[in-house]
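In this text, residue positions in the sequence shown follow the numbering used here: the first is 3, and each later residue adds one. Heads up: the structure comes next, in structure tokens.
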Amino acid sequence: MKPQYIRVTLLAGLLSSFIVSDAMADNYGRCEYKRRHLEHQLEYAQAYNNIHRMAGLQRALRHIDEYCTDGRLPEQKDIKVAEKQRKVAKRQQELEQARASGKPRKIADKQKNLDEARDELAKARLELNR
3 MKPQYIRVTL LAGLLSSFIV SDAMADNYGR CEYKRRHLEH QLEYAQAYNN
53 IHRMAGLQRA LRHIDEYCTD GRLPEQKDIK VAEKQRKVAK RQQELEQARA
103 SGKPRKIADK QKNLDEARDE LAKARLELNR
């Protein structure tokens, strides 16, 4: 087989792997998912001693390290913080209603729920600042 055909085949395989990885990257950070996928392919290339494939995959890994950013990640974290803030506001309102009713057990339960919501908000804010 001619080297030119090998290069085209390797390039086509690499491009298709990026397309698939983009579609499935919702569970991980996009860059991390791409990195894992390429590392997995690199293991196969090493197992079969495919030097050209290994070189291409290593180059792709370097490009991911250098250029890839999870652009949507901060936006998703902002949304999560906003949701937690709404939850805290809702829990505060529920606590005020419980206090108006004057039932100590209900007040204690609503206070516990508010404390949990505040903890979740604090964790979301820490994650946002990372």
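Glycine included, every Cβ here is placed at the ideal spot set by N, Cα and C. Please read all numbers here as calculations on a predicted model, not as lab measurements.
Specify, as a first and last residue, the run of the alpha helix (DSSP H) that residue i falls within.
i	result
Asn131	106-131
Tyr69	53-69
Ala46	Correcting the residue type first, residue 46 is Tyr in the shown sequence and not Ala. From DSSP, the alpha helix (DSSP H) with Tyr46 extends over 32-49.
Just to confirm, is the Cβ distance from residue i to residue j under 7 Å?
i	j	result
Ala57	Leu40	no
Lys92	Ala100	no
Glu129	Lys86	no
Lys112	Leu123	no
Gln43	Leu59	yes
Ala119	Val90	yes
Lys36	Ile66	yes
Using a 10 Å radius around the Cβ and a threshold of 16 neighbouring Cβ atoms, would you call residue i buried or exposed?
i	result
Arg38	exposed
Arg32	buried
Judging by CA-CA distance, which residue of the options is the nearest neighbour of residue i?
i	options	result
Arg127	Cys70, Gln95, Val83, Tyr46	Val83
Thr11	Pro106, Asp117, Asn115, His54	His54
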